[in-house]
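Heads up: the structure comes next, in structure tokens.
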Amino acid sequence: MTATESTSIARASALRRLTGLERLRQYGLILALVLLIAAFSMASEYFFTASNMLNIARQVSVTAIVAVGMTFVIISGGIDLSVGSTLAFSGVVAAFAFSGSGSAWLALLAGVATGAGIGLINGVITAKGRITGFIVTLAMMGAIRGFAFITTGGNPVTASDASFTFFGVGSVMGLAVPIIIMLIVIALGSFLLNKTKFGKYVYAVGGNERASRWTGLKVDRIQITVYVVVGLLAGLAGVVLAARLGSGQPFAGDGFELDVIAAVILGGSSLAGGRGTIVGTVIGVLIIGVLNNGLTLLDVSSYWQMVVQGAIILAAVLIDRWTGRRSPK
Amino acid sequence: MEPLLSARGITKSFGGAPALRDGRLEVARGEIHALMGANGAGKSTMLKILTGVYDKDGGTVDMADDETGPPVEARIDGPRDAERLGIAIVHQELILNDHLTVADNICLGAEPTRLGGLVLDRRAARATARRALDLVGADIDPAREVAALSTAEKQLVEIAGSLARRARLLILDEPTTSLTDNEARRLFTVLKGLRDSGIAVVYVSHRMDEVFELCDRITVMRDGAYVDTLATAATDRAELIRLMIGRTLATRYERPPARTGEAGEAALSVEGLSTAGLLDEVSVEVRRGEIVGMFGLVGAGRTELARAVFGLDRRSGGTVRVDGRPLRRPTPARAIAAGIGLVPEDRKLCGLVLDLSIGDNMALASLREQGFVQWRGARSRRLWQEYSRSMGIVASGRNQTAGTLSGGNQQKVVLAKWLAIRPSVLILDEPTRGVDVGAREDIYAIIRRLADEGAAVLAISSEIEEVLMISDRVVVMREGAVTFDAPNHDLDSRTLLSAAMGATA
Numbered sequence: 243m244t245a246t247e248s249t250s251i252a253r254a255s256a257l258r259r260l261t262g263l264e265r266l267r268q269y270g271l272i273l274a275l276v277l278l279i280a281a282f283s284m285a286s287e288y289f290f291t292a293s294n295m296l297n298i299a300r301q302v303s304v305t306a307i308v309a310v311g312m313t314f315v316i317i318s319g320g321i322d323l324s325v326g327s328t329l330a331f332s333g334v335v336a337a338f339a340f341s342g343s344g345s346a347w348l349a350l351l352a353g354v355a356t357g358a359g360i361g362l363i364n365g366v367i368t369a370k371g372r373i374t375g376f377i378v379t380l381a382m383m384g385a386i387r388g389f390a391f392i393t394t395g396g397n398p399v400t401a402s403d404a405s406f407t408f409f410g411v412g413s414v415m416g417l418a419v420p421i422i423i424m425l426i427v428i429a430l431g432s433f434l435l436n437k438t439k440f441g442k443y444v445y446a447v448g449g450n451e452r453a454s455r456w457t458g459l460k461v462d463r464i465q466i467t468v469y470v471v472v473g474l475l476a477g478l479a480g481v482v483l484a485a486r487l488g489s490g491q492p493f494a495g496d497g498f499e500l501d502v503i504a505a506v507i508l509g510g511s512s513l514a515g516g517r518g519t520i521v522g523t524v525i526g527v528l529i530i531g532v533l534n535n536g537l538t539l540l541d542v543s544s545y546w547q548m549v550v551q552g553a554i555i556l557a558a559v560l561i562d563r564w565t566g567r568r569s570p571k
Numbered sequence: 004m005e006p007l008l009s010a011r012g013i014t015k016s017f018g019g020a021p022a023l024r025d026g027r028l029e030v031a032r033g034e035i036h037a038l039m040g041a042n043g044a045g046k047s048t049m050l051k052i053l054t055g056v057y058d059k060d061g062g063t064v065d066m067a068d069d070e071t072g073p074p075v076e077a078r079i080d081g082p083r084d085a086e087r088l089g090i091a092i093v094h095q096e097l098i099l100n101d102h103l104t105v106a107d108n109i110c111l112g113a114e115p116t117r118l119g120g121l122v123l124d125r126r127a128a129r130a131t132a133r134r135a136l137d138l139v140g141a142d143i144d145p146a147r148e149v150a151a152l153s154t155a156e157k158q159l160v161e162i163a164g165s166l167a168r169r170a171r172l173l174i175l176d177e178p179t180t181s182l183t184d185n186e187a188r189r190l191f192t193v194l195k196g197l198r199d200s201g202i203a204v205v206y207v208s209h210r211m212d213e214v215f216e217l218c219d220r221i222t223v224m225r226d227g228a229y230v231d232t233l234a235t236a237a238t239d240r241a242e243l244i245r246l247m248i249g250r251t252l253a254t255r256y257e258r259p260p261a262r263t264g265e266a267g268e269a270a271l272s273v274e275g276l277s278t279a280g281l282l283d284e285v286s287v288e289v290r291r292g293e294i295v296g297m298f299g300l301v302g303a304g305r306t307e308l309a310r311a312v313f314g315l316d317r318r319s320g321g322t323v324r325v326d327g328r329p330l331r332r333p334t335p336a337r338a339i340a341a342g343i344g345l346v347p348e349d350r351k352l353c354g355l356v357l358d359l360s361i362g363d364n365m366a367l368a369s370l371r372e373q374g375f376v377q378w379r380g381a382r383s384r385r386l387w388q389e390y391s392r393s394m395g396i397v398a399s400g401r402n403q404t405a406g407t408l409s410g411g412n413q414q415k416v417v418l419a420k421w422l423a424i425r426p427s428v429l430i431l432d433e434p435t436r437g438v439d440v441g442a443r444e445d446i447y448a449i450i451r452r453l454a455d456e457g458a459a460v461l462a463i464s465s466e467i468e469e470v471l472m473i474s475d476r477v478v479v480m481r482e483g484a485v486t487f488d489a490p491n492h493d494l495d496s497r498t499l500l501s502a503a504m505g506a507t508a
């Protein structure tokens, strides 16, 4: 490539990458969320009430917790398909730990550690084995689900004592515990991504892995860490879910990974890596949550809800294309 | 000699800057025609126009359209037109599909079929491939997978593929770079055979020996324009070098006096460095406060040297010392910890994260020294304040996305990233490539300031003028080895180009 040619390319891409569009898109998402809420409020008088809003928050909490972790993975250029299985297996492990020890906190720790351990395996194989995360976590998705069934014989593991179900149905000062956990995870995730050097490294590795290596970043270590983060959060979400259900269920979270990835993509993260925000992900989760809640209130069948959700995701990705930010490489 | 191709007055600009001002090339049937010129002479732009990769801005290309007729005006609007006209190119980097068989590759895009196009005719494909391979005297089984072939064999397969698509003008771009002497000899025999059967070959090479052995005529280009076409028998190396350099351009920049006398002790010393691919016992030393300019032609091993020093490539022998301490088992992280920075040749691919802000890019190499939490981007804010003014970076602020900057400003951001680690050694690979004239002078000033502050600078460049202007000492590499190393006193471009091409001028 000649010198002059690369300058002209730089100019052309500068024109294509108008920085304002990035923000415009985030405002567009917020606007979409507001419009959805307004439309459902008009259609159903029950929709815009404090109790239903809290209801939505509780409904989305499990998805939101994992979506925060998935945002790290997707920004780093990876993906994790095993979160649904991890969710189930961690819930099972937590339920076993509770029935064995009687300690709810030990159960929580066991569930979270299980998730983090699975994330570590995903990360090490992906980074050190130089295999794409898609393949590694696809394989793990099946294997972990298998373990969930093997350890339980396919039956739910009961853990219905109030000290354990507190994580799923309890409340503190009138706020449901899952909502509190979700808010803490969002705050910590946002802090980690925006205010720490680890967060910068995640963006750098996803934006340009080669340049990151040439800048001396320990790319492998960063990739492993993001998988540990999402695994840990999937474990946490698994405990919350098991606590809500009063049992660890080996078949929980079937297809859950797609809901999570859909929310993250809807929130503006790029599957090519390098771009995304926690705020966007939260809005993505809320849009899907509001949609499901509102359509249910309006007695729309859950089959149609699936269709609408699919259409929304396609629309979001198309809008992303039209704003034309990522040029094909 | 019957003319086959005649291109005249070809022009091409990129973003207002002319890459080709007057491209001219006349090739006869059954000749091997060398195209020569220093880096940036316009050879590759010319070839890309002939093969339909670029559209020309002006000029005409004529190509004979049958066995005997004279050249008539030809439209080349894309690679397909070039193929239809019978113009084919074999690049230095081969573009075969490794997972297909030899026959599949040779017939790609024109697969013989049976049953009215429904089924691939494997047997016919192999026969076609066999015939094409015979033309290049290659005894390769058409059913073999390309991945299993040697580089030389792959090259023959690619040439055979061109012939199967009825190429009449075959362009070879630096074909012997990755061949052994014996393989190169064999290629020459093949090319001479093709010439004798009436095919025209355009041969691009920096290697004088090959050109004089193989080619019938030589066209020389310089600064985007045609200089002359000579019969090989009627010229010599000295004349070619003279034509490639032309009159020495008056240097626009003030060259500071070379300061080798006052330079300090060695900050970077490379001894006997070898790699499996290319480098052969390279030894270079750069002292504190010294700028060493490294010249060489494309493929001479300069970038490979930088990569091996920086720990990006495995070394097969030799040592690298920074400030006297050996750099063992180097990785980029260890090289940086030892005080080495590397400004890469391709800043978009290897230098910047285009989606990140300017400030974040500046901080990326030196964040390791910082605490885990970055309150309000403290590091990037400080670096932006420190470097935006002193380097003259034109941007709206530190939060502007790096991808939206012009080439010159992007390069300054990369420089700031490395200055931020306070390097004792900074290696720059083509530091002003794709950078406009104003930013270029800024970058020279930044490099000079860095050296004045005591850093050792190794600046790799393909522009002779640049090397002569910024260096205290000049090193020239050729084919993986250092062929010249002298203080920058009374050096001229001819000396450097001769050292780079392996000719005595």
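Going line by line, the protein sequences match chains L and G.
Using this note's numbering, read the first sequence as starting at 243 and increasing by one per residue.
Using this note's numbering, read the second sequence as starting at 4 and increasing by one per residue.
Don't be surprised by glycine CBs; every beta carbon is placed ideally from N, CA and C.
- In the structure shown, residue 31(G) falls within a strand segment according to DSSP collapsed to helix, strand and coil.
- Note that the C-beta distance between residue 332(L) and residue 371(L) is not below 8 Å.
- The residues 298, in chain order, have a CB closer than 6 Å to that of residue 535(L) in the same chain once the five nearest residues on each side in sequence are set aside.
- Counting of Cβ neighbours within 10 angstroms places residue 387(G) among the buried residues, the total reaching 16 or more.
- Taking CB atoms only, residue 446(L) has a neighbour in chain G less than 8 Å away.
- Contact annotation for residue 178(G) against chain L: no contact, minimum CB-CB distance about 21 Å [criterion: below 7 Å].
- In this structure, DSSP gives residue 229(G) an extended state, which the three-state scheme calls strand.
- For residue 148(G), the three-state secondary structure derived from DSSP is strand.
- Between residue 290(G) and residue 327(G), the CB-CB gap reaches or exceeds 8 Å.
- The beta carbons of residue 368(G) and residue 421(G) sit about 6 Å from each other, so the pair counts as a contact at 8 Å.
- Close CB contacts of residue 363(G) within its chain, under the 6 Å cut and outside five residues either way in sequence, are with 383 (chain order).
- Listed along the chain, the chain G residues whose CB falls inside 8 Å of the CB of residue 361(L) amount to none; the nearest CB is some 20 Å away.
- Close CB contacts of residue 233(G) within its chain, under the 7 Å cut and outside five residues either way in sequence, are with 220, 221 (chain order).
- When Cβ-Cβ separations below 8 Å define contact, residue 456(L) makes contact with chain G.
- For residue 381(G), same chain residues with a beta-carbon under 6 Å away, outside a window of 5 residues either side, do not exist.
- At a C-beta separation below 9 Å, residue 440(L) has these neighbours in chain G: 375.
- Residues of the region 22-56 of chain G that bring their beta carbon within less than 9 Å of a beta carbon in chain L comprise 22, 43, 45, 47, 48, in sequence order.
- When the Cα atoms are used, residue 523(L) and residue 310(L) turn out to be separated by approximately 7 Å.
- Look at the beta carbons and you see the region 524-543 of chain L touching the region 279-299 of chain L: at least three pairs across the two are nearer than 8 Å.
- Contact of residue 354(G) with chain L by beta-carbon distance below 8 Å involves 453, 456.
- By the criterion of at least three beta-carbon pairs nearer than 8 Å, the region 59-72 of chain G is not in contact with the region 146-160 of chain G.
- A distance below 8 Å separates the beta carbons of residue 428(G) and residue 270(G).
- One alpha carbon belongs to residue 297(G), the other to residue 489(G), and they sit about 11 Å apart.
- Cβ contact annotation for residue 496(G) (same chain, cutoff 8 Å, sequence separation greater than five): 248, 251, 467, 468, 471, in chain order.
- Nearest to residue 360(L) by C-alpha distance, out of 323(L), 556(L), 344(L), is 323(L).
- Using a Cβ-Cβ cut-off of 8 Å, residue 370(L) does not count as an interface residue toward chain G, since no Cβ of chain G sits closer than that to its own.
- Judged by DSSP secondary structure, residue 235(G) falls outside any alpha helix (DSSP H); it is assigned neither H nor E.
- About 12 Å separates the beta carbon of residue 305(L) from that of residue 480(L), a gap too long to meet the 8 Å contact definition.
- The beta carbon of residue 485(L) lies closer than 6 Å to those of 406, 407, 409, 410 in the same chain, with the five residues before and after it left out.
- Contact between residue 329(G) and residue 315(G) does not hold, since their C-beta atoms are separated by about 18 Å, which reaches or exceeds 8 Å.
- Distance check between residue 281(L) and each of 555(L), 559(L), 529(L), 560(L) places 529(L) closest, using alpha-carbon atoms only.
- DSSP lists no bridge partner for residue 394(G).
- Contact between residue 307(G) and residue 281(G) is confirmed by a C-beta separation of about 5 Å, below the 8 Å threshold.
- Cβ-Cβ distances below 6 Å link residue 437(G) to 410 in the same chain, with the five nearest sequence neighbours on each side left out; the list follows chain order.
- Here residue 488(G) is bridged, per DSSP, to 478(G).
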